[in-house]
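Enquirer: For the record, the sequence lines run as chains L and F.
Going by the numbering used here, the first sequence opens with residue 2, and the numbers climb by one from there.
Going by the numbering used here, the second sequence opens with residue 24, and the numbers climb by one from there.
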Amino acid sequence: QKEVEQDPGPLSVPEGAIVSLNCTYSNSAFQYFMWYRQYSRKGPELLMYTYSSGNKEDGRFTAQVDKSSKYISLFIRDSQPSDSATYLCAMSSANTGNQFYFGTGTSLTVIP
Amino acid sequence: DAGVTQSPTHLIKTRGQQVTLRCSPKSGHDTVSWYQQALGQGPQFIFQYYEEEERQRGNFPDRFSGHQFPNYSSELNVNALLLGDSALYLCASSTRYEQYFGPGTRLTVT
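Shown next, in the form of structure tokens:
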């Protein structure tokens, strides 16, 4: 079983839609949860960073962590064509010695 | 702040050759990690350097080695290149639990 599971998609939505991206994980020790956006042939860009459970909002983006279910989500409101990219979840803990574990990424296309 | 920088941007090598990739971390960051990202996959952890020492290593063979310099910059060396080493190589610098990536070096092995 992989440490982090993420549906690769692809996901295609109309402009203005609400997008929900999700990851599940197996290691209950994970405490730090991140979402990255990666455009084609570029390095990942840190979008959101959350510690432990709960919600965090930044503009059109909301990150949710449910540690009891080992499930994290990223919501994008009022999606824009510029949001078209691959979204990667990543997580780590003190027990993993600062090693970050990534999902495979979900490819998102927002259609104008 | 220049962010994380990597060089070169692209590289083409022949099977069996050796390659060195370079990374400069974000200002204020003392920890550098290297990742390999194959097409359509998430980044796979190679190793991490802190205070000029390899602190942790992923599941990669000894052909992959690295170095960190006193100014926190880092190099990734890959010996005896295989076709399967073709990938985007990402450098990331971090505070304790927040990582920032560079643009990557795309390595093609022919």
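Even for Gly, the Cβ is constructed at its ideal location relative to N, Cα and C.
1. Taking 8 Å as the CB-CB limit, is F:G65 close to chain L?
2. Helix or strand or just coil, what does DSSP make of F:P84?
3. Could you have a look at F:P31 and say whether DSSP puts it in helix, strand or coil?
4. On the DSSP bridge assignment, give the partners of F:T37 in chain order.
5. Could you pull out every residue in the same chain whose Cβ sits closer than 6 Å to the Cβ of F:T131, ignoring the five residues on either side in sequence?
6. Could you check how far apart the C-beta atoms of L:F34 and L:V66 are, in whole angstroms? I think they sit under 8 Å.
7. Return no unless some Cβ of chain F is closer than 8 Å to the Cβ of L:I11.
8. On the criterion of 16 or more Cβ atoms from any shown chain inside 10 Å, does L:Y52 qualify as buried, or is it exposed?
9. The beta strand (DSSP E) that contains L:Q39, what's its start and end?
10. Kindly indicate if chain F contains any beta-carbon less than 8 Å away from that of L:G104.
11. What number of angstroms, rounded off, separates the C-alpha of F:S58 from the C-alpha of L:I73?
12. Any idea if F:L105 is buried or exposed, counting beta-carbon neighbours within 10 angstroms, 16 or more meaning buried?
13. Ignoring anything shorter than 3 residues or poking outside the region 82-126 of chain F, list the beta strand (DSSP E) runs there in chain order.
Expert: This is what the structure holds:
1. As a position in the second sequence, residue 65 of chain F is number 42, starting the count at 1. With 8 Å as the cut-off, F:G65 counts as an interface residue toward chain L.
2. Your numbering for residue 84 of chain F matches position 61 in the second sequence. It is coil, neither helix nor strand.
3. As a first step, residue 31 of chain F is located in the second sequence; it is residue number 8 there, counting from the start. Note: F:P31 maps to coil in three-state DSSP.
4. Counted from its first residue, the second sequence places residue 37 of chain F at position 14. F:T37 pairs with nothing; no bridge assigned.
5. Taking the first residue of the second sequence as position 1, residue 131 of chain F is located at position 108. I35 and S109, listed in sequence order.
6. Reading the first sequence from its first residue, position 33 is the one you call residue 34 of chain L. Reading the first sequence from its first residue, position 65 is the one you call residue 66 of chain L. About 5 Å; that satisfies the 8 Å criterion.
7. The residue labelled residue 11 of chain L in the question sits at position 10 within the first sequence. In the sequence on display, residue 11 of chain L carries Pro and not Ile. For L:P11, the answer is no, since every Cβ of chain F falls outside 8 Å of its Cβ.
8. Position 51 of the first sequence holds residue 52 of chain L. L:Y52 should be labelled exposed.
9. Taking the first residue of the first sequence as position 1, residue 39 of chain L is located at position 38. Unbroken beta strand (DSSP E) run through L:Q39: Y33 to Q39.
10. Here residue 104 of chain L refers to the residue found at position 103 of the first sequence. Closer than 8 Å to some Cβ of chain F, the Cβ of L:G104 qualifies, so yes.
11. Here the question's residue 58 of chain F lines up with position 35 in the second sequence. Here the question's residue 73 of chain L lines up with position 72 in the first sequence. With the sequence shown as reference, residue 58 of chain F is identified as Tyr, and Ser is not the correct amino acid for it. About 23 Å.
12. In the second sequence, the residue the question calls residue 105 of chain F occupies position 82. Counting Cβ neighbours within 10 Å, F:L105 comes out exposed, since fewer than 16 surround it.
13. 87-91, 97-101, 110-117 and 122-124
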